[in-house]
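One structure below.
Protein chains: 2
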Amino acid sequence: MQVFWSNGYEATSVRLLEKEMGINQFSIYSSFSSKKNLFIQSLQRYRAYVKQNVYHDLLKDGAGWNDFETFLLGSASESSGNRGCLVVNSAAEIDTSEKEIISEINGYFEFIRGMIRNLLYSAIQKKELPAHTDIEKQSAFFLGVMQGISVASRTMKGDQLKDFISLALNQIK
Amino acid sequence: MQVFWSNGYEATSVRLLEKEMGINQFSIYSSFSSKKNLFIQSLQRYRAYVKQNVYHDLLKDGAGWNDFETFLLGSASESSGNRGCLVVNSAAEIDTSEKEIISEINGYFEFIRGMIRNLLYSAIQKKELPAHTDIEKQSAFFLGVMQGISVASRTMKGDQLKDFISLALNQIK
DNA sequence: GTTATATATAAGCAATAGCTTAGAAATGAT
DNA sequence: ATCATTTCTAAGCTATTGCTTATATATAAC
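Respectively, the protein sequence lines represent chains P and F. Everything in the first sequence is counted per our numbering, starting at 514 for the first residue and increasing by one. Everything in the second sequence is counted per our numbering, starting at 514 for the first residue and increasing by one.
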């Protein structure tokens, strides 16, 4: 997962995986069948990884809009100049004919959108957001914003990224 | 440019370029020196291409916010399931150590942001937007949104993409 | 302690990567 | 028409690609 994240799918050779994973090519192939399958399992692991390490607090039952705002604004300061999101990078790189990979990518984005939906729903319950808030449209918007943040975190400077995020959060008000 | 746009940088082989460009490898190398340099020139050509064919109307002197809204909403219906933006795809794929390429990518995004700045300025003059509109922050926001649109156009369905864009445009109101 | 099973390594496979050389065909100037 | 220059093609260079085979080593069962 880390090697694909740092280098992208095509630029990651099996020799590099061998070196970074610390095991032989044969072991890689006997465990993962093919480079493509290892990549798919890396995408699955990435999802489990961000669940535990990145979005953990936002996935808790009590989480609301305030938590989401804090999270996004916090990510602006950390994530400028970083690798971006592995799945966004893959969505931009991988050919649409790669059905299995695309399916994994779509599943990930549905997961993120589901998380945003829940946050919006909780926020309405908590009266952080008005009852008429359109959860479907807003979740689409913030998913798109998060995809933008991934690209922007690779290209924008910190303050520019922060402006992008703060105005995105401002939209819902 | 087209081959890199369709396949990405790493997945584009010189054999494929040879075939699609209709000329021999030697001719490619005598004209462009290296695959990397051909890619850089493709990025430059892409910029000229979108200037003439995509953003032409928005770059005209009279263009204001209404034109930008029409453009973005129009792109939602066309661009779902397409290749996305070559430069965004490249920003997601290319390693940050590739200084020359990254510089070209940054230049492109500065160009887009400059266009948005001009649109915001004109919009204020035309009283489409209030005079207190923060051009710097708003241009960062809409650049981030356009980066998101590129990713979203590869992954979202049309109506979802349209929701994203319409709420993004709603932010400024 | 021996045997069976799993997992490691090293070496090597054909195919393709980016790039170059050698030489033919076309071009343009005189 | 000739000669020099440019621009083409075909072939081939070394290195690396994703993947396998043959073989050794560790593990586990009885």
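All residues carry an ideal CB built from backbone N, CA and C; glycine is no exception.
- For S635 of chain P, the closest C-alpha among the options P:Q651, P:D574, P:I662 is that of P:D574.
- Taking C-alpha positions only, S603 of chain F is separated from G620 of chain F by approximately 13 Å.
- Using a Cβ-Cβ cut-off of 8 Å, N602 of chain P is close to A605, E606 of chain F, given in chain order.
- Contact of R528 of chain F with chain P by beta-carbon distance below 8 Å is absent, the smallest such distance being about 15 Å.
- Annotation for N619 of chain P: the continuous alpha helix (DSSP H) segment containing it runs 612–638.
- Using a Cβ-Cβ cut-off of 9 Å, D570 of chain P is close to nothing in chain F; its nearest Cβ partner there is about 23 Å away.
- In terms of beta-carbon proximity, N537 of chain P stays away from the interface with chain F, with every pair separated by 8 Å or more.
- Between G661 of chain F and V527 of chain P, the C-beta spacing is not below 8 Å.
- Separation of F624 of chain F and Y562 of chain P (C-alpha to C-alpha, rounded to the nearest whole angstrom) is 36 Å.
- A distance below 7 Å between beta-carbons, with the five flanking residues on each side excluded, links F581 of chain F to the following residues of its chain, in chain order: L571, L632.
- When secondary structure is reduced to three states using DSSP, E649 of chain F falls in the helix class.
- At a cut-off of 8 Å between beta carbons, N631 of chain P makes no contact with chain F.
- Y559 of chain P sits in a helix when the DSSP states are folded into three classes.
- Excluding sequence positions up to five before and after M514 of chain P, its CB lies within less than 6 Å of the CB of S555, R558, Y559, all in the same chain and listed in chain order.
- Flagged as an interface residue toward chain P: L680 of chain F, by a C-beta distance shorter than 8 Å.
- Looking at the backbone, the Cα of L656 of chain P and that of C598 of chain F are separated by about 18 Å.
- Residue-level contact by beta carbon holds for K650 of chain P and chain F, with a gap shorter than 8 Å.
- By the Cβ criterion, the region 645–655 of chain P is not in contact with the region 515–524 of chain F, since fewer than three pairs of Cβ atoms, one from each stretch, lie closer than 8 Å.
- Residue burial annotation: F622 of chain F is buried, with at least 16 other C-beta atoms found within 10 angstroms of its C-beta.
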